[in-house]
Amino acid sequence: MALIIRQATFEDKKRIFRFLWEVYAGQAFFKFPERWCWLFKENPFNTHSGPCVWLALMDEKIVGQFCGMHVSFKLGNKLQPAIWGVDFIVHPKYRGRRIAQKLVQAVYQKHRYLFILGPSPAASRLFSLLGTEVPVRVSILEKKIKPKQLVLPKTSRNNIEICQISKFGRGINELWRLASSHYYGLVKRDTKYLNWKFMQQPHTHYRAFIAKTCEGICGYVILRIARPPEDNVGLIADLFALPKDLHTIRALIQFSIRYFKSEKVHSIVMATSTHSLAHSLTQLGFRKVRDIPFLVLSSNKPRKSSGFQNRNWFLSRGDSDWDQYPSLGNYATGFSST
Ligand SMILES: CC(C)(COP(=O)(O)OP(=O)(O)OC[C@H]1O[C@@H](n2cnc3c(N)ncnc32)[C@H](O)[C@@H]1OP(=O)(O)O)[C@@H](O)C(=O)NCCC(=O)NCCS
């Protein structure tokens, strides 16, 4: 049986959905049709007219796929189109035949930057065989909530106002402009991205809050309360501010703790690649439970000269498709839903 690897077109949609139905079983409803359309049709960063879905076919039957979530990624001083590898799966009957390996090779030859956050154990070895680089690890931090714990005092600087929003406005672009220059590598967090990623994502029900002073927006936080069948956990999907603005960072973390306490979650989980954010979380009672790798496959240059090591990367749980509903498994130990 000949194996064909090719990029999907929108005409393949029905048979892709049949494949997803077979391989994702109970979780399939959350993979299509809403999420699939959001991810591959409505993504404003898609640089190709078709879906970023790569198929492995045997006798016209789909036996595996590797998908990409397009984003605009700041690397050094430049914004680059890049993809997060998502929804990577080979049909159980066809595993062990190097299909996954061929899928990844096909995709990364077409894309300059392919990023992976927290690969599954089965995929980790495969990515290492392909020479992926691990420029940084993302720490997962957890805070257990005791039922009778005292509610924290209000923010240390009372000129910060934190309010919920239903949509990100243009003011956030100024925060991006000021804060992004302090990091080497991160997804561009502008109005277009934040609204698509968090406010329009099906099934997740994120709540977004901005922090502002009389000078304008100084930070934001995006929260999600897990729902059954997930554990009773509060998830800080993304928290962004100027890295040296510890007042805002602490105010947003303290706000999140109060918010989740009022929702009676039993623990709060956040993931970050930055030491300053991890430090603030630790000071507020979070404990590091695990690190997960951030992988880079770049068809751009020989890996030795990539310059990706020892850089200031900003990565969070809200990046890639790490946080999606339902995320089954142990929040504190980290997992990839793909
Ligand atoms: C991960 C997955 C896509 C691999 O598919 P596959 O077609 O069987 O993988 P390949 O045959 O191309 O394997 C390539 C290499 O990966 C490694 N690998 C594959 N499956 C593995 C497993 N279960 N455990 C450890 N290593 C594994 C092996 O080193 C293999 O090379 P080898 O044959 O020389 O030993 C498949 O197991 C799968 O769909 N798993 C469930 C979903 C998932 O985990 N997706 C990845 C999310 S990041």
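The opening residue of the sequence shown carries number 1245 in the numbering used here; numbering runs sequentially from there.
Glycine included, every Cβ here is placed at the ideal spot set by N, Cα and C.
Which whole-angstrom value describes the C-beta separation of residue i and residue j, a residue pair presumed to lie in contact below a C-beta threshold of 8 Å?
i     : j     : result
S1506 : W1557 : That belief does not hold up - the Cβ atoms of S1506 and W1557 are roughly 33 Å apart, past 8 Å.
V1509 : N1476 : 5 Å
D1567 : V1330 : With a Cβ gap of about 12 Å, D1567 and V1330 do not count as contacting.
T1448 : R1468 : 6 Å
F1538 : V1380 : 5 Å
Whole angstroms are fine: how far does the CA of residue j sit from the CA of residue i?
i     : j     : result
G1415 : A1300 : 43 Å
I1343 : E1286 : 28 Å
T1457 : R1451 : 20 Å
L1347 : W1298 : 7 Å
T1493 : W1420 : Before going further, note that residue 1493 is Ile rather than Thr in the sequence given. The straight-line gap from Cα to Cα measures roughly 15 Å.
W1440 : L1496 : 22 Å
F1332 : F1310 : 4 Å
P1295 : P1363 : 22 Å
S1571 : A1481 : 13 Å
L1358 : S1383 : 21 Å
Given the structure, does residue i come close to ligand 1, in the sense that its CB is under 7 Å from one of the ligand's heavy atoms?
i     : result
S1364 : yes
Q1353 : no
L1541 : no
Q1345 : yes
G1308 : yes
G1340 : yes
V1334 : yes
R1381 : no
R1369 : yes
L1373 : yes
Since residue i sits in a beta bridge, which residues does DSSP pair it with?
i     : result
P1325 : S1316
V1307 : Answer is none; V1307 lacks a bridge partner.
E1405 : K1456
R1279 : R1279 is not bridged to any residue.
R1531 : E1386
V1509 : According to DSSP, which records beta bridges pairwise, V1509 is partnered with nothing at all.
Counting only runs that start and end within the stretch 1412 to 1479, where is the beta strand (DSSP E) found for 3 or more residues in a row?
1429 to 1431, 1451 to 1457 and 1460 to 1469
Those runs of the beta strand (DSSP E) which lie wholly inside the stretch 1318 to 1385 and span at least 3 residues
1322 to 1334 and 1357 to 1361
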